[in-house]
């Protein structure tokens, strides 16, 4: 587990951008945090790092948005609206999770048992002292993600 302190939403965007440059096809990232914590901002940064130029917005009402024009596809999920019923929805999760793109999943706790174990989890929370600063916690279980996050931390702490 590693932490990075973000000074602003712009800083969160830049962290996501650096992370996006380190990603590979088939990577799965889960995001958690309160409403307004910066999950979609992190996803915008990841998209930028993947070379995606299209505007990225939360797929709250569409559940999944596909961005195909970068160096690899980005599949952005927001499971919040489906809630507990998300596990029963046949949205073709496996095709995305085991495909050739990067999956970023907001509110992943509703489909946790369907998501591959080899994933990166990013928790974003506001720091108590003010609304701009955040603590971004990266959790992972395998060596590949450990190397990716070590590289990210070395870039972002300069």
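In our numbering, the protein residues as written are 675 to 832.
The beta-carbon is built from N, C-alpha and C at its ideal position, and this holds for glycine as well.
Keep in mind that this is a model prediction, so the values were computed, not measured.
1. Identify, in the order they occur along the chain, each residue of the same chain with its Cβ nearer than 6 angstroms to the Cβ of residue 733, setting aside the five sequence neighbours on each side.
2. Quick check: what's the CA-CA separation for residue 793 versus residue 718?
3. Between 701, 825 and 808, which has its C-alpha nearest residue 710's C-alpha?
4. How many angstroms separate the CA atom of residue 698 from the CA atom of residue 822?
5. Use the C-beta contact count for residue 848: other C-beta atoms within 10 angstroms, 16 or more gives buried, fewer gives exposed.
6. Can you give the Cα-Cα distance for residue 695 and residue 802, rounded to whole angstroms?
7. Please report how far the alpha carbon of residue 818 lies from the alpha carbon of residue 812, in whole angstroms.
8. So, helix, strand or coil for residue 679, using DSSP?
9. Between residue 833 and residue 788, which are expected to be in contact by the criterion C-beta below 8 angstroms, what is the C-beta distance as a whole number of angstroms?
The answer reads as follows:
1. 739, 750 and 752
2. 19 angstroms
3. 808
4. 10 angstroms
5. As displayed, the chain neither begins before 675 nor continues past 832, which places residue 848 out of reach and without an answer.
6. 30 angstroms
7. 13 angstroms
8. strand
9. Residue 833 lies beyond the stretch modelled for the chain, which goes from 675 to 832, so this question has no answer here.
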